[in-house]
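Participant:
In structure tokens, the structure reads:
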């Protein structure tokens, strides 16, 4: 139920952004031209801002038209959008995360590696489908703008939610954060190099796909040496904070604790904060077994038809989410009872996320068109927020379970996947289908997107610096700082797109 409230809150925030644009802009640009000399208007800052807000082409042409012709289309879009966000929250909480955990057990993959690969592939499905639509159908920058916006969302806003979701500071594992941040900076540099001239050729898109394969190799190879890397880091950075492993906070029955004579303070804090976060969020976690083994069959079947006890709000939320939970219970196989169906559950979750993202994109496009917001700005804000919701919900859930490292790895890994897969693959297929020559390329409409992408290096550096200064702990103070940083970045990015865009001149 708490995740459903987060979904509604985020969607209301997006609508508030739309309303702010609506009341800030004059009703018609031509009214400015009637009162002021045309040459002066064209060079005025206000005119350029207002002009950019007005969509040169109706974005709704890319979607079915039975909603946009009705007067109540905006209200319908509001309601459908909120319900889609709620559906996404329930899907991630009840099916997607448990299926990823099950795959980790089946494939014997560590949590942070699984988060940076399997989970990231699935949670980037919304951006992937949005870029397919914008590349092959609308031929606009909506996909690129969405991915740039969701990257800042995943890097700053999503970890901020994770920080605010925990009651006590949650210790992260420094190595996965360092590994994914470093590769993400390299990925951003590669993307800036490719899009700097405003054109993407087939061989440039192919480079993104090659790096995508190298990323997987990089993740699995470094996973083999992660223990040595962590030992090196602890020996150089945390040597002064060594504690004996007989501390009462560490489980004495844990074989790993018996094998090691000493543990760093960071490792002890990480394990203890994981247990504390799980205890305070009402969840119990066995480090040696995943939550799959602790799954309560009653929650999925009996509670579906039993009204929960509590105040009226809990009962309203139960009724509100009941159709969604019933639909998922009928469609999704019970992979907890039949582990062989785990891959099917995972794939169905990916399909549901993709279809849901299409509907969300459709609804926010209706809202954006009603408020006359341009496609690029919509990509930075509305579409980016909707597309990044899986990562946000995943991190909040993981943080509440005491598994913050997996959630942060999923967010950063999702950003890498967005650039290499969600952008690279549609671009490669599009350019290849045109003949794979110097005349076949994807033309970028925005002239300032390169600078915004380049600024993402500052964004990921800010995340790493804030976590490092807080000794790689998720705390509420860190969450507030990250939230402010995200608002600042989004404001600057939208301003650059509206004012400094060379393509407008």
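Residue numbers (mature numbering (1 follows the signal peptide of the UniProt record, and there is no 0)): -20 to -1, 1 to 485. The beta-carbon is built from N, C-alpha and C at its ideal position, and this holds for glycine as well.
When burial is assigned at 16 or more other CB atoms within 10 Å of the CB, is residue 76 buried or exposed?
Facilitator: buried
Participant: Starting from the Cα of residue 373, find the closest Cα among 294, 362, 322 and 391 and give me that residue.
Facilitator: 391
Participant: Would you report the Cα separation of residue 404 and residue 379, rounded to the nearest angstrom?
Facilitator: Cα to Cα, residue 404 sits roughly 31 Å from residue 379.
Participant: Pick out whichever of 416, 70 and 197 has its Cα sitting closest to the Cα of residue 298.
Facilitator: 70
Participant: Ordered along the chain, which non-local residues of its own chain (more than five positions away) have a Cβ less than 8 Å from that of residue 121?
Facilitator: 114, 355, 356, 359, 424, 425, 426 and 429
Participant: Quick one: is residue 446 buried, meaning 16 or more other Cβ sit within 10 Å of its Cβ, or exposed?
Facilitator: buried
Participant: Buried or exposed, going by whether 16 or more other CB atoms sit within 10 Å of the CB of residue 312?
Facilitator: buried
Participant: Measuring straight from C-alpha to C-alpha, what distance separates residue 399 and residue 434?
Facilitator: 13 Å
Participant: How many angstroms separate the CA atom of residue 20 from the CA atom of residue 471?
Facilitator: Its pLDDT being 47, under 50, residue 20 is placed unreliably in this model, and the coordinates cannot settle the point.
Participant: Among residues of its own chain, excluding the 5 on either side of residue 488, which ones have a beta-carbon nearer than 7 Å to its beta-carbon?
Facilitator: This structure cannot settle anything about residue 488, because the visible part of the chain is limited to -20 through 485.
Participant: Please confirm whether residue 322 and residue 82 have their CB atoms less than 8 Å apart.
Facilitator: Yes; because the gap between Cβ atoms is below 8 Å, this pair is in contact.
Participant: On the three-state DSSP scale, how would you describe residue 468?
Facilitator: In this structure, residue 468 counts as helix in the three-state DSSP scheme.
Participant: Per DSSP, which residues does residue 541 bridge with? Please list them.
Facilitator: An answer regarding residue 541 cannot be provided, because it is not within the stretch -20 to 485 covered by the chain.
Participant: Taking the alpha-carbon of residue 117 as reference, which of 130, 362 and 406 has the nearest alpha-carbon?
Facilitator: 406
Participant: Between which residues of its own chain and residue 90 is the CB-CB distance below 7 Å, once the five residues before and five after are set aside?
Facilitator: 203
Participant: Work out the CA separation of residue 145 and residue 545 for me, nearest whole Å.
Facilitator: Absent from the structure is residue 545, since the part of the chain shown begins at -20 and ends at 485.
Participant: Output the distance between the C-alpha atoms of residue 417 and residue 187, rounded to the nearest integer angstrom.
Facilitator: 15 Å
Participant: Give a yes or no on whether the C-beta atoms belonging to residue 104 and residue 397 are separated by under 8 Å.
Facilitator: yes
Participant: Taking the beta carbon of residue 88 as the centre, do at least 16 other beta carbons fall within 10 Å, making it buried, or is it exposed?
Facilitator: exposed
Participant: Could you tell me whether the Cβ atoms of residue 439 and residue 141 are closer together than 8 Å?
Facilitator: For residue 439 and residue 141, no; Cβs fall outside 8 Å.
Participant: So residue 136 packs on residue 465, CB below 8 Å; how close in whole Å?
Facilitator: Confirmed, Cβ separation roughly 5 Å.
Participant: Can you tell me the Cβ-Cβ gap for residue 458 and residue 450, rounded? I've got them flagged as a contact below 8 Å.
Facilitator: 5 Å
Participant: What number of angstroms, rounded off, separates the C-alpha of residue 352 from the C-alpha of residue 130?
Facilitator: 21 Å
Participant: How should residue 329 be labelled, buried or exposed, when 16 other C-beta atoms within 10 angstroms of its C-beta is the threshold for buried?
Facilitator: buried
Participant: Straight-line CA distance for residue 284 to residue 420?
Facilitator: 54 Å
Participant: Could you spell out the range, first to last residue, of the beta strand (DSSP E) harbouring residue 75?
Facilitator: No beta strand (DSSP E) contains residue 75, which DSSP labels as neither H nor E.
Participant: In this structure, how does DSSP classify residue 454 when only helix, strand and coil are distinguished?
Facilitator: strand
Participant: Would you tell me roughly how many angstroms separate the C-alpha atoms of residue 339 and residue 111, rounded to the nearest one?
Facilitator: 14 Å
Participant: Considering Cα atoms alone, identify which of 201, 349 and 52 is closest to residue 156.
Facilitator: Of the candidates 201, 349 and 52, 201 places its Cα closest to the Cα of residue 156.
Participant: By the three-class DSSP mapping on this structure, what secondary structure does residue 447 have?
Facilitator: helix
Participant: Rounded C-beta distance between residue 199 and residue 93? I'm assuming under 8 Å.
Facilitator: 6 Å
Participant: Mind reading off the beta-carbon distance from residue 364 to residue 126? Whole number of angstroms is fine, and I expect it under 8 Å.
Facilitator: That belief holds up - the Cβ atoms of residue 364 and residue 126 are roughly 5 Å apart, short of 8 Å.
Participant: Identify every residue that forms a DSSP beta bridge with residue 423.
Facilitator: 179
Participant: Can you list, in chain order, the residues of its chain whose CB lies under 7 Å from that of residue 461, leaving out five sequence neighbours each side?
Facilitator: 446
Participant: Where does residue 188 sit, in a helix, a strand or coil, going by DSSP?
Facilitator: helix
Participant: Beta carbon of residue 432, beta carbon of residue 166: below 8 Å?
Facilitator: no
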